[in-house]
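Counting in the working numbering, the sequence shown runs from 1379 upward without gaps.
In what follows, a structure is listed as structure tokens, so that the remarks can point back to it.
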Amino acid sequence: MGPHPHLTLDSIPIEVLWYIISFISVFDIIRLQKVSKFFKDVTEVDIIWRNAYRTTSLPRCPGPFPHQSTETLKNALVQSARLTCNWADPKSAPRPTSRRNIDSQEGDKQHDLLFGRWLMYIDKAQTQVKCVDLDVTNCEDIPVVVYRSTVKIRNFSCLATTTLDGQTSAFAIVLERRHQPVNSSATIKLFKLSGYLGPALSFELAESYPIDWRSNAMQATIGPRLLVISGIRPWMYSNDVLYVDLDTFSTYSVALPPMTPGNAVQNVQFIPCAAHLLVLHTLTVRGSHPPSLFEAFSIPAAHEGPKPTSLALTHRSLYHNPSYSDVVLLHDPVVAPWIGEASICLAVTTTPSVRDQETTEEVQSVVRLFLSNDSSTSPGTITCETQDLFSYPSWGRCFCFSSSSNGAGRGIRFALSAPWGDPFCELQAITLAVEGPSQVSHTVLSIDTHHIATEREMLYDGYRGRLLWLPRSSDYSQNSVELLDFV
């Protein structure tokens, strides 16, 4: 039987075409739009791009949310696809599509990058936070002062998150201390940022927190509902941590495990998820390999009534495995339940055990954490599964990775070629994606760019494909910030 003489694409119900298109990739949808005006009109609808945004393994910001427009979802996927095409061909290394230098004054410090667009830093006098709009290319990169302090700014950081209802929030954290001795009083100021989608960025003070930290060091991690700001050794000084509720800006208390003789905490990392705060302790046990202690604390939701003053421990487990570092939340089942992966997935660097001192490699891994409640034990247990992906040299490494907890992320890693002599810096482009239960795909490619003779600080935004090389704080002969775009 031959084909129906009157069967054409126009005669196929549009719902059937949409159903067929729902099985193809974002790359194929983009190609299909170029075939004809008919296919461009068929695919230029909300249901196509909303479904593609939900099911793709391309790195992307959280979503889709009801308030996001079709154009917003489409533009995000098209940009991510272009960046992936620049990274995905194993026959050719990723190449920057543009490169420019941004003047930086001698002594500028604590650079940070927000949304791949706003470069912020502390000036040499340590009394101002300045900002440069990296998207403005038709004029000089003149920094704008966005915050002035009456005391010394000792540390600065900016970061952003997306709430469970799809609202984007951005914050700046400023650590101020009038006198240099670390035993003097200090204050952490939390600012909520606005105007980051427009032509100008502005700071609005959300809360101030007096602290008695023993150092000016500071690091911060953020989730949909919780911000964690910690000092240099939170495992030694439990008061050197702020657990900030992002709804009220009030703080919680968390009881971290005390150190015992022969069992000291070597490092601690905080991973705020949607429902839990994960705390990863790397322990040092005499005569043994360094085990890892995983703890989970429940984060109360806004609708659960009056919020408690402390976070309750719900799960805990100890594992004797290589220590973990560079921990990034790759998948949160509360944020992206449609993937079908029930575990919390972490992208981590696995460090060899202490007995293997001769090794010069570290391993990029994905760790799956399953939180289970057993009526016979309190707190519940955490089952840990580690999947090693690839190894790399461990000398002078640095890792920048962008992930929005929806199963996919994109990052850049560099490592020195050798710890002695005249090493050069090798860059690698990395993509990780959780595509289903126990399914992880990854790509690793060397970046085709110039070799850097000295180790420099690096900032990277995986959604915009923007990489910044910063001047070393100890080398004032090189004051320019080098900007590389990969889209």
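Glycine is no exception: its CB is placed at the ideal position from the N, C-alpha and C atoms.
(message) With DSSP as the reference, identify every bridge partner of Y1630, one or two as the case may be.
(response) Position 252 of the sequence shown holds residue 1630. DSSP, once it has assigned bridges, lists Y1621 as partnering Y1630.
(message) Taking its Cβ as the centre, do 16 or more other Cβ atoms sit within 10 Å of A1831, making it buried, or is it exposed?
(response) Locating residue 1831 in the sequence shown gives position 453, where the first residue counts as 1. Model confidence at A1831 stands at a pLDDT of 41, short of 50, so the residue's coordinates are unreliable; what they give is reported in the following sentence. Exposed is the call here.
(request) Measure from the alpha carbon of S1819 to the alpha carbon of each residue in V1865, S1743 and L1749, then state which is nearest. (result) Counting from 1 along the sequence shown, the entry for residue 1819 is found at position 441. Taking only the C-alpha atoms, the option nearest S1819 is S1743.
(request) Label H1829 either buried or exposed according to how many other C-beta atoms from any shown protein chain fall within 10 Å of its C-beta, with 16 as the threshold for buried. (result) Locating residue 1829 in the sequence shown gives position 451, where the first residue counts as 1. Low confidence applies to H1829: its pLDDT is 46, below 50, so where it sits in the model is not reliable, and the reading given next is rough at best. Exposed.
(message) Helix, strand or coil for K1508? Go by DSSP, reduced to three states.
(response) Translated into the one-based positions of the sequence shown, residue 1508 becomes position 130. Looking at K1508 - three-state DSSP - the assignment turns out to be strand.
(request) Counting only the same chain and skipping the five closest in sequence on each side, list residues whose C-beta sits under 6 Å from that of V1622. (result) By 1-based counting over the sequence shown, the position of residue 1622 is 244. The residues are L1605 and T1629.
(message) Assuming contact is defined by CB atoms lying nearer than 9 Å, are V1507 and V1529 in contact in what I supplied?
(response) Sequence index remark: in the sequence shown, residue 1507 carries index 129 (1-based). Sequence index remark: in the sequence shown, residue 1529 carries index 151 (1-based). No, the pair does not count as a contact, with Cβ atoms beyond the cut-off.
(message) Going by C-alpha to C-alpha distance, which of T1809, F1648 and L1451 sits closest to I1610?
(response) Here the question's residue 1610 lines up with position 232 in the sequence shown. I1610 has its Cα closest to that of F1648, out of T1809, F1648 and L1451.
(request) Can you say whether Q1545 is buried or exposed, counting buried as having 16 or more other CB atoms within 10 angstroms of its CB? (result) For this step, residue 1545 is matched to residue 167 along the sequence shown. By the neighbour-count rule (16 or more Cβ atoms within 10 Å), Q1545 is not buried but exposed.
(message) DSSP three-state label for K1487, please.
(response) Start at 1 with the first residue of the sequence shown, and residue 1487 comes out as number 109. If DSSP states are grouped into helix, strand and coil, K1487 belongs with the strands.
(request) May I have the straight-line CA-CA distance separating M1498 from I1825, to the nearest angstrom? (result) Position 120 of the sequence shown, counted from the start, is the residue given in the question as residue 1498. Position 447 of the sequence shown, counted from the start, is the residue given in the question as residue 1825. Distance between the alpha carbons of M1498 and I1825 is about 26 Å.
(request) Tell me whether A1548 sits in a helix, a strand or coil according to DSSP, three-state version. (result) Residue numbering aside, residue 1548 sits at position 170 when the sequence shown is read from its first letter. It is a strand residue.
(request) Decide if E1763 is buried, meaning its Cβ has at least 16 other Cβ atoms within 10 Å, or exposed. (result) Position 385 of the sequence shown, counted from the start, is the residue given in the question as residue 1763. With fewer than 16 other Cβ atoms within 10 Å, it is exposed.
(request) Give the secondary structure of L1846 by DSSP, where H, G and I count as helix, E and B as strand, and everything else as coil. (result) In the sequence shown, residue 1846 corresponds to position 468, counting from 1. Three-state DSSP puts L1846 in a strand.
(request) State buried or exposed for Y1431, treating a residue as buried only when at least 16 other CB atoms are found within 10 Å of its CB. (result) By 1-based counting over the sequence shown, the position of residue 1431 is 53. So Y1431 ends up on the buried side.
(request) Using the DSSP secondary-structure output, state which residues sit across from K1570 in a beta bridge. (result) Numbered from its first residue, the sequence shown carries residue 1570 at position 192. BP columns for K1570 point to F1549 and E1582.
(request) State yes or no: is the C-beta of A1807 within less than 9 Å of the C-beta of F1768? (result) Within the sequence shown, residue 1807 is the residue found at index 429, counting from 1. Within the sequence shown, residue 1768 is the residue found at index 390, counting from 1. The answer is no: Cβ separation not under 9 Å.
(message) Per DSSP, what are the beta-bridge partners of L1537 in this structure?
(response) Start at 1 with the first residue of the sequence shown, and residue 1537 comes out as number 159. Partner(s): F1549.
(request) Kindly indicate the opening and closing residues of the alpha helix (DSSP H) around T1433. (result) If you number the sequence shown from 1, residue 1433 lands on position 55. From DSSP, the alpha helix (DSSP H) with T1433 extends over D1424 to T1433.
(request) Give the C-beta separation of L1691 and F1675 to the nearest angstrom, bearing in mind that I take them to be a contact with Cβ-Cβ under 8 Å. (result) Reading the sequence shown from its first residue, position 313 is the one you call residue 1691. Reading the sequence shown from its first residue, position 297 is the one you call residue 1675. The Cβ separation is near 6 Å, so the contact holds.
(message) With a threshold of 6 Å on Cβ separation, who are the neighbours of P1391 within its own chain once the five nearest residues in sequence on each side are excluded?
(response) Position 13 of the sequence shown, counted from the start, is the residue given in the question as residue 1391. Taken in chain order, the list of residues that qualify is empty.
(request) For P1887, count neighbouring C-beta atoms within 10 Å of its own C-beta (all shown protein chains included) and say buried if the count is 16 or more, exposed if not. (result) Any question about residue 1887 goes unanswered here, given that the chain covers just 1379 to 1865.
(message) Taking 6 Å as the limit between beta carbons, can you name the residues of its chain near R1532, skipping five residues before and five after?
(response) Counted from its first residue, the sequence shown places residue 1532 at position 154. Cβ neighbours of R1532 beyond the five flanking positions: L1553, R1555 and N1594.
(message) If you follow the beta strand (DSSP E) that Q1411 is in, where does it begin and where does it stop?
(response) Along the sequence shown, read from residue 1 onward, the residue named residue 1411 stands at position 33. Counting along the chain, Q1411 falls outside any beta strand (DSSP E), though it belongs to the alpha helix (DSSP H) covering V1404 to Q1411.
(message) Just to confirm before moving on: does the CB-CB distance between A1786 and R1438 stay below 9 Å?
(response) Stepping through the sequence shown from its first residue, residue 1786 is reached at position 408. Stepping through the sequence shown from its first residue, residue 1438 is reached at position 60. Closer than 9 Å, so yes.
(request) Taking only the alpha-carbon atoms, compute the straight-line gap between L1461 and F1581 and give it to the nearest angstrom. (result) Here residue 1461 refers to the residue found at position 83 when the sequence shown is read from its first residue. Here residue 1581 refers to the residue found at position 203 when the sequence shown is read from its first residue. Taking the straight line from one Cα to the other gives about 31 Å.
(request) Just tell me which of E1739, V1822, C1723 and L1579 has its CA closest to the CA of L1492. (result) Here residue 1492 refers to the residue found at position 114 of the sequence shown. Measuring from the Cα of L1492, the nearest candidate turns out to be L1579.
(message) So for S1858, helix, strand or coil by DSSP?
(response) Your numbering for residue 1858 matches position 480 in the sequence shown. Of the three classes helix, strand and coil, the one that applies to S1858 here is coil, per DSSP.
(request) Starting from F1417, follow the alpha helix (DSSP H) in both directions and report where the run begins and ends. (result) Counting from one through the sequence shown, the residue named residue 1417 turns up at place 39. Its alpha helix (DSSP H) spans residues K1415 to T1421.
(request) Compare the C-alpha of P1602 against each of D1543, K1570 and E1393 and name the closest. (result) Locating residue 1602 in the sequence shown gives position 224, where the first residue counts as 1. The shortest Cα separation from P1602 among D1543, K1570 and E1393 belongs to D1543.
(message) Rounded to the nearest angstrom, what separates S1403 and R1409 at their Cα positions?
(response) Counting from 1 along the sequence shown, the entry for residue 1403 is found at position 25. Counting from 1 along the sequence shown, the entry for residue 1409 is found at position 31. Distance between the alpha carbons of S1403 and R1409 is about 10 Å.
(message) With H, G and I counted as helix, E and B as strand and the rest as coil, what does DSSP make of P1437?
(response) Position 59 of the sequence shown holds residue 1437. If DSSP states are grouped into helix, strand and coil, P1437 belongs with coil.
(request) For I1677, collect the residues of the same chain with a Cβ closer than 7 Å to its Cβ; drop the 5 residues on either side in sequence, then sort them by chain order. (result) Position 299 of the sequence shown holds residue 1677. Counting only Cβ-Cβ distances below 7 Å, and skipping sequence neighbours, we find R1603, L1604, A1653, H1654, L1655 and L1689.
(message) Taking 6 Å as the limit between beta carbons, can you name the residues of its chain near W1496, skipping five residues before and five after?
(response) Here residue 1496 refers to the residue found at position 118 when the sequence shown is read from its first residue. Contacts found: C1509 and L1579.
(message) Rounding to the nearest angstrom, what Cα-Cα distance links S1756 and R1694 in this structure?
(response) The sequence position of residue 1756 within the sequence shown is 378, counting from 1. The sequence position of residue 1694 within the sequence shown is 316, counting from 1. Taking the straight line joining both Cα atoms gives about 9 Å.
(request) Identify, in the order they occur along the chain, each residue of the same chain with its Cβ nearer than 6 Å to the Cβ of V1420, setting aside the five sequence neighbours on each side. (result) Position 42 of the sequence shown holds residue 1420. Counting only Cβ-Cβ distances below 6 Å, and skipping sequence neighbours, we find L1395.
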